[in-house]
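**Q** In our numbering, the protein residues as written are 40 to 168.
Positions of the beta carbon are idealized from the N, C-alpha and C atoms, including for glycine.
Please read these numbers as outputs of a predicted model, since none were measured by experiment.
Take this structure first; my questions come after.
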Amino acid sequence: VTMPPSLSKDNDQSNPNAALYVTARPNRPDNVPAAILNGTRGKPPPVLAARYPNPAFPFEIKLTEADLTEEGAARTTSENRRLWWDGEELIVSARWDSDGIAGTRDPTDLVGRGMASNNNKNSPRVVEV
């Protein structure tokens, strides 16, 4: 995860409570009728999520099984170790949160997004916030 140099000096150490939130979700629309009923707005739930307290940028992350969300950990069958989203392209979102509280939004918070493909798991990806 990178931050533009012009913003980096102002943001990466300005608040000791700041945090970087990273999520990954499949790049496909959810079941639209169900989404209307359950309020997901047609987006699949995050399958991976992590919080990093006050990182210095650039910051390297690697999402692993330890970062699986409850929804992301679901298997296709009980005998199968395959995750329901295996093989899908993922939208990786990074949010630098100035106060470190996930539920708040501030104009100084920065957000970036990138794509990750399971076809090339070792390829580094850069998300700029």
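Give the straight-line distance between the Cα atoms of P84 and D145, rounded to the nearest whole angstrom.
**A** Here residue 84 refers to the residue found at position 45 of the sequence shown. Here residue 145 refers to the residue found at position 106 of the sequence shown. Each residue's alpha carbon lies about 23 Å from the other.
**Q** Sort out for me which residues DSSP pairs G153 with in a bridge.
**A** Against the sequence shown, residue 153 aligns to sequence position 114. DSSP lists V131 as partners of G153.
**Q** For the beta strand (DSSP E) containing A5, list its first residue and its last residue.
**A** The structure shown does not extend to residue 5, since the chain spans only 40 to 168, so no value can be given for it.
**Q** Which value, in whole angstroms, describes the spacing of the CA atoms of L122 and N66?
**A** As a first step, residue 122 is located in the sequence shown; it is residue number 83 there, counting from the start. As a first step, residue 66 is located in the sequence shown; it is residue number 27 there, counting from the start. Looking at the two C-alpha atoms, the distance is approximately 15 Å.
**Q** Report back the beta-carbon spacing between S156 and E128 to the nearest angstrom; my notes put them in contact at under 8 Å.
**A** Translated into positions along the sequence shown, residue 156 becomes position 117. Translated into positions along the sequence shown, residue 128 becomes position 89. About 5 Å; that satisfies the 8 Å criterion.
**Q** Is it right to say K48 is buried, meaning 16 or more other beta carbons lie within 10 angstroms of its own, or is it exposed?
**A** What you label residue 48 is simply residue 9 of the sequence shown in a count that begins at 1. Residue placement at K48 is poorly supported in this model, since its pLDDT is 46, which falls under 50; the coordinates still yield a value, given next. Exposed: under 16 other Cβ atoms inside 10 Å.
**Q** Rounded to a whole number of angstroms, what is the C-alpha to C-alpha distance between N56 and S137?
**A** Against the sequence shown, residue 56 aligns to sequence position 17. Against the sequence shown, residue 137 aligns to sequence position 98. Roughly 7 Å separates the two Cα atoms.
**Q** What is the DSSP secondary structure of P44, reduced to helix, strand or coil?
**A** Mapped onto the sequence shown, residue 44 falls at position 5. Looking at P44 - three-state DSSP - the assignment turns out to be helix.
**Q** Which whole-angstrom value is the C-beta distance of A89 and L102, which I expect to be below 8 Å?
**A** Position 50 of the sequence shown, counted from the start, is the residue given in the question as residue 89. Position 63 of the sequence shown, counted from the start, is the residue given in the question as residue 102. With a Cβ gap of about 6 Å, A89 and L102 count as contacting.
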